[in-house]
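What follows is one structure encoded as structure tokens, with my remarks underneath.
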């Protein structure tokens, strides 16, 4: 009779009716869930076979039930009456019916809301004080709660019991409520106690970028993270090489910049109206390119997009599936130069970006592949005409037929283009001490010479060749 979630872990529901959770006395708490025909003669339960089982077995069984079932199961045996205190599954404190009633009748005023808040916090505090287990698998608390002391105690309870899954949702009953939200960042010193945390979901709590960084640094087992809230202070988020991190949901109205370098991770963008800068790398770039339409909700608002595609196989369908990116001003692509069609993703984004001013290409040379190759110029789905770009930056330019032909295509179709910058050194050398050494090599000098000769053919443009 255990309930299990999609991940195979027990999920304990604590949706106890008002009569039960409003009771402060344990005897009354027990009596109110006892069948009426048995109330007043609990001694009939003294002689039962269940009571003969070891407590360890009984507690293990109880922890596989919902919390409500664990308490109700006490009617099966008098021995079980207080064993629910050793429950160690997932605690789920939620009162959706009361929340729905309050939202439906906002005319009740704050007094009715305060009454329900007090009932809810008393319920949670009573259960948490009663529990005697050393660890808790999960803790979920969802209600319009405003008392900082209560919230702090609940978070401390989670850290002390080494909780694995923590969800705090303090969504307000009244939309647009200006009530100050709880500052989760104040628990910075407690993050080291969250080392057992595998899932964290925060809604309507204040949290900073520093707090998220500390969480990720101190929670090696964290697999799922959701941060949501209208007053979320998070403006810049940078996540790189998160081993074992499988799920990320971003709901941050103030988020401006997002950098994400990851492999087997799923990212959902729920509410990011101010997101303007995105940088994606590693194999997630491949998922991004294969599922561009899933990101159309925020692609149209981006001003800067950086994609590292050097290890990505981009499907040919991409050139005619990219949604229009109206506000994009700066596009940066990292690609491997092996065939002429390696520039097709770039051409596709150029076609879909009517306001693009600056294009940066970081080029890596690899051995050309075999087979039929279709150039950008010949591709039936790509038409590079009337481009809006004004500046092109080539890092890793080699002066080969592939990158040279593409640059010519840009110059011919971008009438507003006035500046081209060539960096003959490889992208991973740029800005590092090795760059100075590379400049003394014959390879660098040869590439630079070809760039200078190419620039001489376009005196109307400002060519910069370091």
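In the UniProt record's numbering, the protein residues as written are 1 to 466.
All residues carry an ideal CB built from backbone N, CA and C; glycine is no exception.
If you're wondering where the values come from, they're calculated on a predicted model, not measured in any experiment.
query, result
"Would DSSP call residue 88 helix, strand or coil?", "coil"
"Across the region 430-447 and the region 456-465, are there enough close Cβ pairs to call them in contact, namely three or more that are closer than 8 Å?", "no"
"Assuming residue 124 contacts residue 93 (C-beta within less than 8 Å), just tell me the rounded distance between them.", "5 Å"
"For the candidate residues 58, 311 and 296, whose alpha-carbon lies nearest to that of residue 262?", "311"
"For residue 287, write down the residues that DSSP places opposite it in a beta bridge.", "According to DSSP, residue 287 bridges with nothing at all."
"Suppose contacts are defined by Cβ-Cβ distances below 8 Å. Is residue 352 in contact with residue 322 by that definition?", "yes"
"Who are the Cβ neighbours of residue 452 in its own chain at under 7 Å, not counting the five residues just before and after it?", "465"
"By Cβ distance, which residues of its chain are closer than 8 Å to residue 270, with the 5 residues on each side in sequence left out?", "228, 249, 250 and 251"
"Indicate the three-state DSSP secondary structure (helix, strand or coil) for residue 200 in the structure shown.", "strand"
"Taking the alpha-carbon of residue 277 as reference, which of 302, 286 and 298 has the nearest alpha-carbon?", "302"
"Quick one: what does DSSP say residue 337 is sitting in, helix, strand or coil?", "strand"
"Suppose you measure from the CA of residue 26 to the CA of residue 296; what does that come to, to the nearest Å?", "Reliability of the predicted coordinates at residue 26 is poor, the pLDDT of 39 falling under 50, and the value obtained from them is presented with this limitation in mind. Rounded to the nearest angstrom, the two C-alpha atoms are 54 Å apart."
"Just how far apart, CA to CA, sit residue 330 and residue 357?", "6 Å"
"Do residue 207 and residue 233 have their CB atoms nearer than 8 Å?", "yes"
"Taking 8 Å as the cut-off, does the region 214-221 touch the region 151-160 (at least 3 CB pairs, one atom from each stretch)?", "no"
"Can you check which of these residues, 253, 419, 113 and 386, is closest to residue 393 by C-alpha distance?", "419"
"Going by Cα to Cα distance, which pick from 247, 223 and 209 is closest to residue 238?", "209"
"I'd like the list of long-range same chain contacts for residue 463, defined as Cβ closer than 6 Å, with 5 residues on each side in sequence excluded.", "420 and 455"
"When the distance is taken between beta carbons, is residue 410 closer than 8 Å to residue 389?", "yes"
"Quick check on residue 136: buried or exposed, where buried means 16 or more other Cβ atoms within 10 Å of its Cβ?", "buried"
"My output table needs one value for residue 458: the three-state DSSP class, helix, strand or coil.", "coil"
"Would you identify the three-state DSSP class for residue 357, choosing helix, strand or coil?", "coil"
"Taking the alpha carbon of residue 387 as the reference point, which residue from 413, 400, 407 and 402 has its own alpha carbon closest?", "413"
"What is the DSSP secondary structure of residue 470, reduced to helix, strand or coil?", "With the chain represented from 1 up to 466, any question about residue 470 goes unanswered, as that position is not in the structure."
"For residue 170, tell me which candidate among 355, 57, 151 and 164 has the shortest Cα-Cα distance.", "151"
"For residue 246, collect the residues of the same chain with a Cβ closer than 8 Å to its Cβ; drop the 5 residues on either side in sequence, then sort them by chain order.", "223, 224, 264, 265 and 266"
"Assuming residue 298 and residue 280 make a contact with CB atoms under 8 Å, what is their CB distance in whole Å?", "Going by Cβ atoms, the distance from residue 298 to residue 280 rounds to 12 Å, so no, they are not a contact pair."
"Return helix, strand or coil for residue 411, following the three-state DSSP convention.", "helix"
"Distance, Cα to Cα, residue 31 vs residue 201?", "With a pLDDT of 37 at residue 31, under the threshold of 50, the predicted position of this residue should be treated as unreliable, though the coordinate-derived value follows. Straight-line Cα distance between these residues: approximately 35 Å."
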